[in-house]
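Protein chains in written order, with the UniProt record's numbering: chain A, 1 to 284; chain B, 1 to 284. The C-beta atom is built at its ideal place from N, Cα and C for all residues, glycine as well. Notes for the one structure printed next.
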C-alpha cells in the first residue's frame, strides 16, 4: 500500500476524505463547552533525529514539534503524554523533558515506556485548548489574501550543519510559536506550521484551500541568502505560515511573502508554477 | 539508567513522585467542567505482538488496550489518535482499525505516519470522559474491602497458544470492559485493568493502596484449571480488577477472589506472601 493511499484510508476512517494528509492536522473536538486540540507526532531515530542526537535534544524536539502543531491552531497547551523506548541516555532524555516542560510551563500527563532492541521511536500527544472560534486550519485561504510567514527560514538547516554555531539551537531545540499562534488565530483565514519546508507546506496550504499561492522569493526572510533555494525547502523551522486579508494589521511580527489568487496551479514561485514533484521539501 | 529509575524520574516530572508506574495510570485532567481521561500505549513488534501478527489484529489490539485503560477509569471513550509506522500489511492494518473503531463507535481523531526500516512500533492515545466523581484509581483499596475480578483469566494465554481455537479471539482481539467500568466506577474503592497478569497487577494495586491483598487461588476463575498458576500470571486478558466494600451489591458480573487487609506483605496467595521478585506476571 502506498503511503498516500494509507493516509487517505486513515483520513476516510477519520470521517474526512478531504484530509489528504491526516498526520499534519491536529484534531479539534468539542467537550464540555471547550474546543480541545489534539496532536500526535512520532520521531524515529535516524529519520527525524540523528543517530547520535543528544537524547535531551530529542526530548525537547518531541514536545516542541507537537506544541508547534498546537500553535498553528492558536491553542494554549494543556499537557503532553510521552511514549518512550528505553535505551542509552535516558538520564539525558529526562533532563531534556524537564527543560522543555519547564520552558513551556507544561505538565507531563502520562505516557508509556517500552523496552525493545533496534531503532528507537518516540511518540508524543499534546493536548491544547482553543482560544479562537473557529479554530484555524489550512483550508481557509481566499483569493486576495496576503501570505505571511513568521521568523527566518533555513535556521534549522544551518544549525543542523553546524551544531555548535549560531543556529545550532534552532535545529536542536526549536521554539514553537505559541504566543504568535494565539494572537493570530482570530484574524487568519488559514494557518499551519512549517515542519517540512516552506514551499512544500505552502503547496499543501494552497491545495487544501483550493487556491493558488504566488510567492516572491526575494522577500522571503532566509538565514543564508546565498542558499535561498535550500532555505525554502529545508524543514524543521517550525515557523507559522498563514494567510489573512491583505489590509488587516497583524498583531505579531511576520513577513508578507506572497498573495493568494484564484484556482490554477497551486503554487507559483517568482511566476513559475511548482508542483510537489519538484522536490518542494522534506517528505517523511 | 534502570527502567524503574526512568519511570520514577518521569513520574516526578508528572508531579507525582508516588506514581511509581507512570505508564499504567491514565491521566485525569479537568477541562471545561469535564474530567478528561487520557492514556497512551505503545505496541512493539516482537515484544507486545508477534513478528507475524496479522496487522488487522495489531490495529485492534492497539486501540483495545487503550480503551481498557479508559474502562478502568469508568470513562466513556471520545476518540483515539494513532501513530503508525508504514510497512507490510498496511491494508490489513486499516481493516482492523476500521473494525475496532466501528465496534466501539469511536472516531479516529488524528495521528501520524512514519517510514523507517527495522522493528515496527505503533502508538495510540485514547481520550475519554469520566462518568464518576472521583475517578477510580489503584490507590484506594481499604482494609475490609472485597477484591473482585471480571471474566475468566488465562483466555489470552490459551488463545496465544492456539490462535484458531476457542480462545483465539481473546488474544487477538481483546474486548475492553467499557460498560462494566462505567457501571463499577461509582462504587469501587480502587480499580485497574489486568494487562500484565492478575498476580502482578494485584500486587501493584496492593502496593499503591498501602494495603495487603489476600487471594484464594481456587476461587479465581481460570480458563484452564490444570494450569491455574500460569493463568494467574499471563497478561493480555484486559479484565477489570477492583476492590469495593464487601457488603455492596455489584452492578455487573464479577467474582470475589480475595480480601483487602491491613498493611503487611502486599500480596498473599493461599496464605503465602508473594513479592514481585517471584515472577508474578509480565514485566515489559
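Tell me, to the nearest whole angstrom, how far the beta carbon of residue i is from that of residue j; I am working on the premise that it is less than 8 angstroms.
i                      : j                      : result
residue 234 of chain B : residue 156 of chain B : 6 angstroms
residue 185 of chain A : residue 107 of chain A : In fact, because the Cβ distance is near 23 angstroms, the residues do not count as touching under 8 angstroms.
residue 38 of chain A  : residue 129 of chain B : With 8 angstroms as the limit, residue 38 of chain A and residue 129 of chain B do not qualify as a contact, their Cβ atoms being about 14 angstroms apart.
residue 179 of chain B : residue 242 of chain B : That belief does not hold up - the Cβ atoms of residue 179 of chain B and residue 242 of chain B are roughly 14 angstroms apart, past 8 angstroms.
residue 57 of chain B  : residue 83 of chain B  : Wrong, their Cβ atoms sit about 18 angstroms apart, outside the cutoff.
residue 65 of chain B  : residue 195 of chain B : 7 angstroms
residue 148 of chain B : residue 254 of chain B : 4 angstroms
Since residue i meets chain B, which of its residues come closer than 8 angstroms, beta carbon to beta carbon?
i                      : result
residue 109 of chain A : 14, 27, 29 and 38
residue 10 of chain A  : 82, 84, 94, 97, 108, 111 and 113
In angstroms, rounded to a whole number, what distance separates the CA positions of residue i and residue j?
i                      : j                      : result
residue 200 of chain A : residue 133 of chain A : 27 angstroms
residue 232 of chain A : residue 279 of chain A : 11 angstroms
residue 13 of chain A  : residue 151 of chain A : 36 angstroms
residue 265 of chain B : residue 110 of chain A : 28 angstroms
residue 215 of chain B : residue 164 of chain B : 33 angstroms
residue 213 of chain B : residue 204 of chain B : 10 angstroms
residue 138 of chain A : residue 79 of chain B  : 22 angstroms
residue 350 of chain B : residue 207 of chain B : Residue numbering for chain B in the displayed model covers 1 to 284; residue 350 of chain B lies beyond these limits and cannot be assessed.
residue 188 of chain A : residue 170 of chain A : 25 angstroms
residue 221 of chain A : residue 256 of chain A : 10 angstroms
residue 105 of chain B : residue 166 of chain A : 51 angstroms
residue 9 of chain B   : residue 94 of chain A  : 7 angstroms
residue 42 of chain B  : residue 92 of chain B  : 19 angstroms
residue 142 of chain B : residue 117 of chain A : 41 angstroms
residue 33 of chain B  : residue 34 of chain A  : 9 angstroms
residue 174 of chain A : residue 181 of chain A : 15 angstroms
residue 73 of chain A  : residue 126 of chain A : 12 angstroms
residue 247 of chain A : residue 145 of chain A : 9 angstroms
residue 211 of chain A : residue 193 of chain A : 18 angstroms
residue 6 of chain A   : residue 271 of chain B : 54 angstroms
residue 261 of chain B : residue 209 of chain B : 11 angstroms
residue 97 of chain B  : residue 224 of chain A : 45 angstroms
residue 183 of chain B : residue 252 of chain B : 7 angstroms
residue 114 of chain B : residue 121 of chain A : 10 angstroms
residue 55 of chain B  : residue 88 of chain B  : 8 angstroms
residue 63 of chain A  : residue 176 of chain A : 10 angstroms
residue 22 of chain A  : residue 123 of chain A : With a pLDDT of only 49 at residue 22 of chain A, under the threshold of 50, the placement of this residue in the model should not be trusted; the figure read from the coordinates follows. Cα to Cα, the separation comes out at about 16 angstroms.
residue 219 of chain B : residue 49 of chain A  : 52 angstroms
residue 273 of chain B : residue 259 of chain B : 14 angstroms
residue 229 of chain A : residue 168 of chain A : 20 angstroms
residue 236 of chain A : residue 153 of chain A : 9 angstroms
residue 18 of chain A  : residue 26 of chain A  : Annotation note: pLDDT 41 at residue 18 of chain A (below 50); position unreliable, no value reported.
residue 227 of chain A : residue 172 of chain A : 21 angstroms
residue 281 of chain B : residue 46 of chain A  : 34 angstroms
residue 202 of chain B : residue 85 of chain A  : 26 angstroms
residue 239 of chain B : residue 100 of chain B : 18 angstroms
According to DSSP, which residues form a beta bridge with residue i?
i                      : result
residue 148 of chain A : A:242 and A:256
residue 27 of chain B  : B:38
residue 130 of chain B : B:75
residue 212 of chain A : A:261
residue 84 of chain B  : B:113
residue 125 of chain B : B:40 and B:81
Starting from residue i, find everything on chain A with Cβ-Cβ shorter than 7 angstroms and list it in chain order.
i                     : result
residue 41 of chain B : 112
residue 44 of chain B : 114 and 116
Would you mind telling me which residues of chain B sit closer than 9 angstroms to residue i, beta carbon to beta carbon, in chain order?
i                      : result
residue 119 of chain A : 116, 117, 118, 119 and 121
residue 101 of chain A : 13
Anything in chain A within Cβ reach of residue i, meaning under 9 angstroms, just list it in chain order.
i                     : result
residue 34 of chain B : 31, 32, 33 and 34
Using the beta-carbon of each residue, which ones in chain A are nearer than 8 angstroms to residue i?
i                     : result
residue 98 of chain B : 13
Could you work out which residues of chain B lie near residue i, taking near to mean beta carbons separated by less than 7 angstroms?
i                     : result
residue 49 of chain A : Result: empty, since nearest Cβ-Cβ is about 12 angstroms, beyond 7 angstroms.
Taking 9 angstroms as the threshold (beta carbon to beta carbon), is residue i in contact with chain C?
i                     : result
residue 57 of chain B : The structure shown contains no chain C; the protein chains it does contain are A and B.
Contact set between the region 125-152 of chain A and chain B, restricted to residues whose Cβ is under 9 angstroms from the partner
125, 127 and 129
Tell me which residues of the UniProt domain "PurM-like C-terminal" (142-245) of chain B have at least one Cβ-Cβ distance to chain A shorter than 8 angstroms, keeping chain order.
Residues: none.
Using a Cβ-Cβ cutoff of 8 angstroms, what residues of the region 64-83 of chain B are near chain A? List them in chain order.
78, 79, 81, 82 and 83
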